[in-house]
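Take any residue in the sequence shown, note its place counting from 1, add 279, and you have its number in my numbering.
Positions of the beta carbon are idealized from the N, C-alpha and C atoms, including for glycine.
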Amino acid sequence: MSAQVDRNYRRKIYACALKNVSDYDAKVVLIYEGIEYDNGEIKNTRLNMDVEKGKTRYLSERLITRRTYNIREVVDRIEVTLSNGTKLELQAPFEGVENPTADWHFVIENTQIKSAGPTPEFGK
């Protein structure tokens, strides 16, 4: 295993929050790493959602169930289209992630998607 692959192996996000602090509503596509199926085909799960200006969406961990085990889906990429037409993208490995986590926070801004660390408790 190369040093780069080994270094990124533990930098996985299983669940996250997306907070939109931009001036626009956002259409978000969350793309998970490809999973190989029994027939050898590799499929990526794509999750589409809207995150309105000033709102936060929480995304739970996703599991793929096999006969004898479960696979935890890993967030690979976030694509955002703001209502003004601006397109933003953020690809794994995500800044600040050092170990696998089901508790990560992304912030959608006007010009970027920021990897912001463990999910804070909103509303406190």
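Using the C-alpha atoms, what's the distance from residue j back to residue i?
| i | j | result |
| --- | --- | --- |
| Ile314 | Ile321 | 5 Å |
| Ile383 | Lys291 | Here residue 383 turns out to be Trp, not Ile, going by the sequence shown. Cα to Cα, the separation comes out at about 10 Å. |
| Asn363 | Thr347 | 46 Å |
| Thr344 | Leu369 | 27 Å |
| Arg356 | Gly375 | 15 Å |
| Val300 | Thr324 | 26 Å |
Give the range of the beta strand (DSSP E) segment to which residue i is assigned.
| i | result |
| --- | --- |
| Tyr337 | 335-338 |
| Ala381 | That residue, Ala381, is in no beta strand (DSSP E); it is neither H nor E in DSSP. |
| Arg325 | 325-330 |
| Gln370 | 366-370 |
| Lys298 | 295-299 |
| Tyr303 | Careful: Tyr303 lies outside any beta strand (DSSP E) and carries neither H nor E. |
Is it the case that the Cβ atoms of residue i and residue j are separated by a distance below 8 Å?
| i | j | result |
| --- | --- | --- |
| Tyr293 | Ala371 | no |
| Thr335 | Ala296 | yes |
So, at 8 Å on beta carbons, what are the nonlocal neighbours of residue i in its own chain, with the 5 sequence-adjacent residues on each side left out?
| i | result |
| --- | --- |
| Tyr303 | Lys332, Leu361, Ser362, Asn363, Thr365, Asn389 |
| Arg289 | Glu377, Asn378, Pro379 |
Only counting the same chain, and skipping five residues up and downstream in sequence, which positions put a Cβ closer than 6 Å to that of residue i?
| i | result |
| --- | --- |
| Tyr337 | Ala296 |
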